[in-house]
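Numbering (mature numbering (1 follows the signal peptide of the UniProt record, and there is no 0)), first residue to last: -44 to -1, 1 to 281. Each residue gets a CB set at the ideal place from its N, CA and C atoms; glycine is no exception. These numbers were taken from a predicted model, which means no experiment stands behind them. First comes the structure, then the notes that go with it.
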Amino acid sequence: MAAEGWIWRRGWGRRCPGRPGLPGPGPGPMTHLLLLLLLGPVAADITDGNSEHLKREHSLIKPYQGVGSSSMPLWDFQGSTILTSQYVRLTPDERSKEGSIWNHQPCFLKDWEMHVHFKVHGAGKKNLHGDGIALWYTRDRLVQGPVFGSKDNFHGLAIFLDTYPNDEATERVFPYISVMVNNGSLSYDHSKDGRWTELAGCTADFRNSDHDTFLAVRYSRGRLTVMTDLEDKNQWKNCIDITGVLLPTGYYFGASAGTGDLSDNHDIISMKLFQLMVEHSPEEENIDWTKIEPSVHFFKSPKASPFLSPQTTWTTRRGTSAAGP
């Protein structure tokens, strides 16, 4: 089927090739796995945001039971993070703060979707606030560092919700959401806002919003999709859609934030993980997914694709399900 005619279920957009950039592994078992992921069937009945596929052991939901010092912790936090009855504040609107919250349980799902309800707000005016939130699916957890309060040279996936342009020559409009996949060999360059290691990104006006703001990250069969609901319309809007992404199982979900000379309140209200019901081939089932190295194989830049625009909006409402053709 032609790319422009392939609609994913639940309005997650059209098939879009990846972007030239970071090299992946050479020919071998991982290349075979990649072909299986990209050429196999991908359309599936996925979560509609209801509790049927919610994985509570990987979800952070009010009243935040199992967080911190409970006898059976599901989430740990550190740094400036404080827990309230209504939100988890990673940093207050104060300078030089770092905070994070991490799931205590490694995730062994091959196909998943994370819905994040968050809020970034503060007293700072235009370009006088920072720095933003990072969402993580990584090998290591609870390690403080310079990348939005967490470690550099990480292994896994990061989604950056960046509110301050450090690069004065940038053409990007902030706040800006970007994606990075790392096998430990890459360093995030704050001076360029991660430009050299960014796989894809989009502008997203989420700061100081007077209504709820949401982000969804979906990973299934080598395809990584990021959607936003920032306009109080109860609709998912496409932000990032790339293929050729290899992520292992057994990593941890987390969120972190950092402030420097400029600051903001960075709040997480909830993180809900849903299992995607996707059928895998016998070959895929026989692979040890915990041994996969995080990597990306690109084919074509999504920004140059005539079939997908970052501004495209699908009418499927958040929390409902729609079947594709």
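- Under the rule that a run must span 3 or more residues, the beta strand (DSSP E) segments found entirely inside the stretch 43 to 109 read 44 to 47, 54 to 59, 68 to 77, 88 to 94.
- Selection 168, 191, 216, 180 evaluated against residue 74 yields 168 as nearest (Cα-Cα).
- The beta carbon of residue 108 lies closer than 7 Å to those of 101, 102, 143, 144 in the same chain, with the five residues before and after it left out.
- In the three-state reduction of the DSSP assignment, residue 226 falls in the strand class, which pools E and B.
- Bounds of the beta strand (DSSP E) holding residue 31 are 31 to 35.
- Taking the Cβ atoms as the reference, residue 85 lies roughly 5 Å from residue 218, within the contact range of under 8 Å.
- Using a 10 angstroms sphere on the CB of residue 190, the tally of other CB atoms stays under 16, which defines it as exposed.
- Contact annotation: the stretch 41 to 51 does not touch the stretch 156 to 170, with fewer than three C-beta pairs closer than 8 Å.
- Residue burial is scored here from C-beta neighbours: residue 31 has at least 16 other C-beta atoms within 10 angstroms and is therefore classed as buried.
- Relative to residue 163, the option among 134, 10, 76 whose CA is nearest is 76.
- Taking every protein chain shown into account, the CB of residue 119 has 16 or more other CB atoms within 10 angstroms, so this residue is buried.
- One thing to note: residue 90 has its Cβ no nearer than 8 Å to the Cβ of residue 57.
- Sequence-distant Cβ neighbours of residue 220 in its own chain, meaning closer than 6 Å and more than five residues away, are 49, 76, 78, 85.
- By the criterion of a C-beta distance shorter than 6 Å, residue 131 is surrounded in its chain by 119, 160, 162, 163, once the five residues flanking it on both sides are discounted.
- Selection 210, 212, 242, 253 evaluated against residue 199 yields 253 as nearest (Cα-Cα).
- Looking at the DSSP output, residue 195 sits in no beta bridge, so it has no partner there.
- Look at the stretch 128 to 175 and you find these whole runs of beta strand (DSSP E), each 3 residues long or longer: 132 to 139, 156 to 159.
- Taking a C-beta distance under 8 Å as the contact criterion, residue 148 and residue 123 qualify as a contact pair.
- The Cβ atoms of residue 232 and residue 127 do not sit closer than 8 Å to each other.
- Membership of residue 214 in the beta strand (DSSP E) is indicated by the continuous run 208 to 214.
- Short of 8 Å from the beta carbon of residue 42, and not among the five residues preceding or following it, lie these beta carbons of its own chain, in chain order: 18, 225.
- Residue 242 sits exposed, since fewer than 16 C-beta atoms from the chains shown fall within 10 Å of its C-beta.
- Around the beta-carbon of residue 39, fewer than 16 other beta-carbon atoms lie within 10 Å, marking it exposed.
- In the three-state DSSP reduction, residue 111 falls in the strand class (E or B).
- As a beta-bridge residue in DSSP terms, residue 118 pairs with 88, 132.
- When the beta-carbon positions are compared, residue 180 and residue 201 come within less than 8 Å of each other.
- Linking residue 36 to residue 214 through their CA atoms gives a straight-line distance of about 9 Å.
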